[in-house]
Structures are given as structure tokens and as C-alpha cells.
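Below is one structure; the comments refer to it alone.
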Amino acid sequence: MTEPVKKTFPKKEHLSSLLVIDKLFAGGSKSLAVFPLRIVYMPVENAGLPEVSVLISVSKKRFKRAVKRNRVKRQIREAYRKNKSLLTDALEAKGKKLAVAFIWLDDELHASPEVDEKVKKLLQLIAERVG
22 MTEPVKKTFP
32 KKEHLSSLLV
42 IDKLFAGGSK
52 SLAVFPLRIV
62 YMPVENAGLP
72 EVSVLISVSK
82 KRFKRAVKRN
92 RVKRQIREAY
102 RKNKSLLTDA
112 LEAKGKKLAV
122 AFIWLDDELH
132 ASPEVDEKVK
142 KLLQLIAERV
152 G
């Protein structure tokens, strides 16, 4: 019997390296936008990182109240957790690793199913481009 795939988002998959984050936003990275999200991604060579390291950013300029920023971050994290296999499977097949940043672009809150759909679409687009 095969083991079911665990849909988790452990701490080791969170992008926290300041060097990698600086490289991600300094240039040499690619980005895609599916409103209300933009995703910035870059291949990395670090052997200590998992297949995908993820950063989630919601600007204080968009939402003044931390409650709303945290809600959007939770929605993105949950959507990524449920759909990350779309990207990780493609990367494992190619033996590549990525650093990824999700950036919220809208001033409005969106329903969780809509955020889930947008994250899924972005992950599929990156899997196609990388694979």
C-alpha cells in the first residue's frame, strides 16, 4: 500500500535566508502575476535548502491593520500547502530547487477559494516554465 502524500508546510520550507531573499529581489529572478498575487521565483543551488523555499509578503501599504495582513498570509499559506505538490513534483523530476516569493497586490480581501485558485494557477505556470 502506498503512503498518502502529506500536505504540510514545515518551517524548513520557509524562506528565511537574507542572502537568498536579497538575490531574489535584486534581479536575475522571474515573476508572474495573476491578480491579486504576484510570484517571484529564482533557481537556487544551495544543497541545504528543500526543493521549494517560500516567502509570503503582504505590504502594510495594502492593509494598515495587522489582522487583515495576517488573514491574507494565512490564506496564501493554506493554498500553497494544499497545492505545493504541483510544483515540487516537477522540480523533483528535474532535480532543481527554487526560491519563491508570493506578493499580495490588491487593497481588498478575497475569499479563500479564490486565493486557492490563483495560487494553484501560479504554481502550474511555474511548473510548466521550470519543467
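Numbering (the working numbering), first residue to last: 22 to 152. No residue lacks a Cβ here, since even glycine has one placed at the ideal position from N, Cα and C. The structure displayed is predicted, hence computed values, not measured ones.
Other residues of its chain near residue i: CB distance less than 7 Å, five sequence neighbours each side excluded
i, result
"S52", "R59, I60, V61"
Cutoff 6 Å; reference residue i; Cβ partners in own chain excluding five residues on either side
i, result
"L146", "L53"
"L112", "E72"
Beta carbon proximity, residue i to chain D, threshold 8 Å
i, result
"L108", "The displayed structure is made up of one protein chain only, and chain D is not part of it."
DSSP-derived helix/strand/coil call for residue i
i, result
"S52", "strand"
"L45", "helix"
"L119", "strand"
Reference residue i, options the options, closest by Cα
i, options, result
"K28", "A111, L130, K105, R92", "K105"
"Q96", "I124, L45, A47", "I124"
"E99", "K81, A120, I77, S38", "I77"
"G48", "A120, S37, F30, L107", "A120"
"E34", "K118, K82, K89, L144", "K118"
Beta carbon of residue i nearer than 8 Å to that of residue j
i, j, result
"A114", "G69", "no"
"V75", "V93", "no"
"D127", "F56", "yes"
"L45", "A148", "no"
Other residues of its chain near residue i: CB distance less than 8 Å, five sequence neighbours each side excluded
i, result
"F30", "V75, R98, Y101, R102, K105"
*asked:* Threshold first: 3 residues or longer. Then list the beta strand (DSSP E) segments lying entirely within the region 55 to 103, N to C.
replied: Taking only runs of at least 3 residues, the beta strand (DSSP E) segments lying wholly in the region 55 to 103 are 58 to 64, 73 to 78.
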